[in-house]
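Report on the structure given below.
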Amino acid sequence: MTIPGVYRHESSENLDAFFSAVGVPWVPRKIMCNSHPCVEVTDEGEDSFRIKTVTMLKTLDRKFKLGEKFEDSLMSGDKTENVIRREGDSLIQEQDSVKGKIVITRAFTEAGMDMTLEHKDSGVKATRHFRRRTTA
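Numbering (this note's numbering), first residue to last: 23 to 158.
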């Protein structure tokens, strides 16, 4: 099973409640809940990855090395401290910010990726489902 690939969003579950739990205001929350991002995951070698997320409003491009801390920011602009590790066919991101602790699990299969977001402080979880794009 390979993690690298391009993934297109298909559906979400409980995303509005998750964004509400982390304090995203109503208008941006509604925009994000109705977005259909495209995610490209690249293996950069030596335990380094790149995750590029493209939406209508913004492109997020994250490069990281497994097990090493890196700084990032939420859509709100709040800074976060992050560590991503690999467990089997999953990339698990632990994120700390003023909004609390968030764990993002990206589970990869040949068919796609399921991304589970959990706000640890409130216990609210959401899942986004992505289909792996194939070239014909």
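For each residue, glycine too, the CB sits at the ideal point set by N, CA and C.
- [ ] In the DSSP assignment, find the unbroken alpha helix (DSSP H) run with Lys-52 in it and report its ends.
- [x] In the sequence shown, counting from the first residue as 1, residue 52 sits at position 30. Run containing Lys-52: 48-55, per the alpha helix (DSSP H) assignment.
Task: Which of helix, strand or coil DSSP assigns to Ser-144 - done: Taking the sequence shown and counting its residues from 1, one reaches residue 144 at position 122. DSSP places Ser-144 in coil when its eight states are reduced to three.
Task: Residue closest to Ser-144, alpha-carbon to alpha-carbon, out of Gly-45, Thr-24, His-31 - done: Here residue 144 refers to the residue found at position 122 of the sequence shown. Among Gly-45, Thr-24, His-31, the Cα nearest to that of Ser-144 is on Gly-45.
Open item on the list: Quick check: what's the CA-CA separation for Ile-25 versus Thr-131?
Closed with: Position 3 of the sequence shown, counting from 1, holds the residue named residue 25. Position 109 of the sequence shown, counting from 1, holds the residue named residue 131. Their backbone Cα atoms lie some 8 angstroms apart in a straight line.
Task: Proximity below 9 angstroms, CB of Lys-91 to CB of Gly-122 - done: The sequence position of residue 91 within the sequence shown is 69, counting from 1. The sequence position of residue 122 within the sequence shown is 100, counting from 1. The answer is no: Cβ separation not under 9 angstroms.
Task: Collapsed DSSP secondary structure at Ala-133 in the structure displayed - done: For the purposes of this step, residue 133 is identified with residue 111 of the sequence shown, where counting begins at 1. Reduced to three states, the DSSP call for Ala-133 is coil.
Task: Whole-angstrom C-beta distance between Thr-102 and Ser-112, which should lie under 8 angstroms - done: Locating residue 112 in the sequence shown gives position 90, where the first residue counts as 1. Locating residue 102 in the sequence shown gives position 80, where the first residue counts as 1. Contact doesn't hold; Cβ gap of about 20 angstroms is too wide.
Task: C-alpha distance - Thr-138 paired with Val-49, whole-angstrom precision - done: As a working note, residue 138 is residue 116 in the sequence shown. As a working note, residue 49 is residue 27 in the sequence shown. Taking the straight line joining both Cα atoms gives about 22 angstroms.
Task: Local Cβ density within 10 Å of Arg-150, reported as buried at 16 or more and exposed below that - done: Here residue 150 corresponds to residue number 128 of the sequence shown, with the count starting at 1. Arg-150 comes out buried.
Open item on the list: Tell me which residue opens and which closes the alpha helix (DSSP H) that Asp-65 is part of.
Closed with: The residue you call residue 65 lines up with position 43 of the sequence shown. Note, Asp-65: premise wrong, no alpha helix (DSSP H); beta strand (DSSP E) at 60-67.
TODO: Identify whether Asp-38 lies in helix, strand or coil by the three-state DSSP scheme.
DONE: The residue you call residue 38 lines up with position 16 of the sequence shown. In this structure, Asp-38 counts as helix in the three-state DSSP scheme.
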